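Peer 1: Got a structure for you, questions after.
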Amino acid sequence: MGRKYCISVDLEGVACVAGTYGQGLAEGTRNFTFAINQGTREANAAAKALFDSGAEEVVIWDCHGTGINLDYSAFDSRCKFIIGAGSRLRFPSIDESYDGVLFIGYHAYDTPKATLAHVYSSSTFVSHKINGKEIGELQLDAAIAGKRGVKTLFVSSDDICVAQAKESFPWIRTVETKKALAWNNCISKHPDAVCEEIYDEVTKLVVEQDKMQAYTIEMPFELTVSYKRIEYAQGCNLHNPDNTPFEVVDAYTRRGILNDPEDYFRF
Ligand SMILES: [Zn+2]
891 MGRKYCISVD LEGVACVAGT YGQGLAEGTR NFTFAINQGT REANAAAKAL
941 FDSGAEEVVI WDCHGTGINL DYSAFDSRCK FIIGAGSRLR FPSIDESYDG
991 VLFIGYHAYD TPKATLAHVY SSSTFVSHKI NGKEIGELQL DAAIAGKRGV
1041 KTLFVSSDDI CVAQAKESFP WIRTVETKKA LAWNNCISKH PDAVCEEIYD
1091 EVTKLVVEQD KMQAYTIEMP FELTVSYKRI EYAQGCNLHN PDNTPFEVVD
1141 AYTRRGILND PEDYFRF
């Protein structure tokens, strides 16, 4: 049987995307249409490299916002797509049949200058920590795949997200799309050059992937969530395995134990 891959595509980390000051990368903002097209091109470069290296199946997960972003007809016609929202699972349809997952366009967790850094919602959260260590949606999504034995193979994003990815997944191949200068500011490579680099690096990783690993989080684990507003913290509906609510650490912060990274998305 040939290999089966998932390419998970967010939009903030792609080339020449910095969002709009004060508005992030909301639909309708100046940089959004470009981000959709470049996310499509970068993911398609990865998909082509996988097919050219013998992949049997490549599934694209359109995971930004409500999950309807990319230009699906512009992809290699062998691709399949996970689109839309409303599944009760954070990473819909991921299972043991996949050989690996590649992350395109993801972004860093919050740092003083990473481009469009956030975790799930820049208006809701300050940080998420697992056993005291800050993590981002890249690590959580990789852990959900890793729980099923699916390897994390590749990350492309700004220099800071790539550094965070290499710390979490030291075995992976990466492409730096841009260097972060501020939340809405970056110095980017040319969009075409990034697509070429992604094609080349993904071709290399296929040869190395037997040595690569699934990323896992030791379970159960302590989760600390810091919110941007007191009322969001008050609305926190997370519960410990014994069904008691998470502890109130301070006005903005809640802490407790989860059995599984997917439990974070089930409430
Ligand atoms: Zn996004």
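Counting from 891, one number per residue, gives the positions in the sequence shown under our numbering.
For each residue, glycine too, the CB sits at the ideal point set by N, CA and C.
Note that the structure is a prediction, hence the values are computed from the model and not measured.
1. Using DSSP with H/G/I as helix, E/B as strand and the rest coil, what is Ala-1171?
2. Which of helix, strand or coil does DSSP assign to Asp-1140?
3. Could you check which residue in Val-1084, Pro-1135 and Asp-1048 has the C-alpha nearest to that of Lys-1069?
4. If you follow the alpha helix (DSSP H) that Phe-924 is part of, which residue opens it and which one closes it?
5. Three-state secondary structure (DSSP) at Glu-947?
6. Within 8 Å, do at least three Cβ pairs link the stretch 1023 to 1040 to the stretch 1096 to 1106?
7. Given that a residue counts as buried once 16 or more other Cβ atoms are within 10 Å of its Cβ, and exposed if not, what is Asn-959?
8. In this structure, what does DSSP give as the bridge partners for Asp-1048?
9. Report the residue ranges of all alpha helix (DSSP H) runs contained in full by the stretch 965 to 991; include only those spanning at least 4 residues, in chain order.
10. In chain order, what residues of the same chain lie with their CB nearer than 8 Å to the CB of Asp-989, ignoring the 5 residues before and after it?
11. So, at 8 Å on beta carbons, what are the nonlocal neighbours of Glu-1137 in its own chain, with the 5 sequence-adjacent residues on each side left out?
12. Around ligand 1, which residues pass a check of Cβ closer than 6 Å to any of its heavy atoms?
13. When you compare each of Phe-922, Ala-935, Phe-924 and Glu-902 to Glu-1087 by their alpha carbons, which one comes out closest?
14. Nearest by alpha-carbon distance to Phe-1059: which of Phe-993, Gly-918 and Val-949 is it?
15. Look at the Cβ atom of Ala-1072, then the Cβ atom of Lys-1003, and state whether they are nearer than 8 Å.
16. Nearest-angstrom Cα distance between Asn-1127 and Asp-1153?
17. Could you tell me if Asp-1090 is buried or exposed, where buried requires 16 or more neighbouring beta carbons within 10 angstroms of its beta carbon?
18. Cα-Cα, which of Pro-1110, Asp-1132 and Ala-1141 is closest to Tyr-1122?
19. Compare the beta carbon distance of Cys-831 and Arg-931 with 8 Å and say whether it is the shorter of the two.
20. Relative to the C-alpha of Leu-1006, which candidate in Arg-1156, Gly-909 and Ile-1120 has its C-alpha closest?
21. Alpha carbons only, please: which of Leu-979, Glu-946, Asp-961 and Val-949 is nearest the one belonging to Leu-901?
22. Among Thr-1134, Arg-1156 and Thr-1001, which residue has its Cα nearest to the Cα of Val-1163?
23. Between Ser-898 and Ala-1083, what straight-line distance do the alpha-carbon atoms span, to the nearest angstrom?
24. Going by the DSSP bridge assignment, what does Gly-903 pair with across the sheet?
25. I think Gly-912 touches Cys-1051, with their Cβ atoms under 8 Å apart; what is that distance to the nearest whole Å?
26. Bridge partners of Ile-1020, per DSSP?
27. Does any CB atom of chain C fall closer than 8 Å to the CB of Ile-926?
Peer 2: Straight from the coordinates:
1. The structure shown does not extend to residue 1171, since the chain is modelled only from 891 through 1157, so no value can be given for it.
2. In the displayed model, Asp-1140 falls within a strand according to three-state DSSP.
3. The alpha carbon of Lys-1069 has as its nearest neighbour, out of Val-1084, Pro-1135 and Asp-1048, the alpha carbon of Asp-1048.
4. 922 to 942 is the span of the alpha helix (DSSP H), which, as asked, contains Phe-924.
5. Correct three-state label for Glu-947: strand.
6. In short, these stretches touch, since the Cβ pair count reaches three.
7. Result: buried.
8. Partner(s): Lys-1068.
9. You should have found no qualifying run.
10. Annotation for Asp-989: Arg-893, Lys-894, Tyr-895, Val-1040, Lys-1041 and Gln-1099 place their beta carbon closer than 8 Å to its own, counting only its chain and skipping 5 residues before and after.
11. Excluding sequence neighbours, Glu-1137 sits near Arg-1144, Arg-1145 and Gly-1146.
12. Here the list is Asp-900, Leu-901, Glu-902 and His-954.
13. Nearest C-alpha to Glu-1087: Ala-935.
14. Ranking Phe-993, Gly-918 and Val-949 by Cα distance to Phe-1059 puts Phe-993 first.
15. In this structure, the beta-carbon distance from Ala-1072 to Lys-1003 falls below 8 Å.
16. The alpha-carbon atoms of Asn-1127 and Asp-1153 are separated by roughly 11 Å.
17. Classification of Asp-1090: exposed, given that the 10 Å Cβ count is below 16.
18. Distances from the alpha-carbon of Tyr-1122 to those of Pro-1110, Asp-1132 and Ala-1141 put Ala-1141 closest.
19. The first residue shown for the chain is 891 and the last is 1157, placing residue 831 beyond what the model contains.
20. Its Cα nearest to that of Leu-1006, the residue Gly-909 stands out among Arg-1156, Gly-909 and Ile-1120.
21. Residue Asp-961 holds the alpha-carbon nearest to the alpha-carbon of Leu-901 among Leu-979, Glu-946, Asp-961 and Val-949.
22. The chain is shown only over 891 to 1157; residue 1163 falls outside these bounds and no answer can be derived.
23. C-alpha separation (whole angstroms): 20 Å.
24. Note: Gly-903 is not bridge-paired with any residue in the DSSP secondary-structure output.
25. Not really, about 22 Å apart at Cβ, beyond 8 Å.
26. Lys-1023 and Leu-1113.
27. Any reference to chain C falls outside this structure, which holds one protein chain only.
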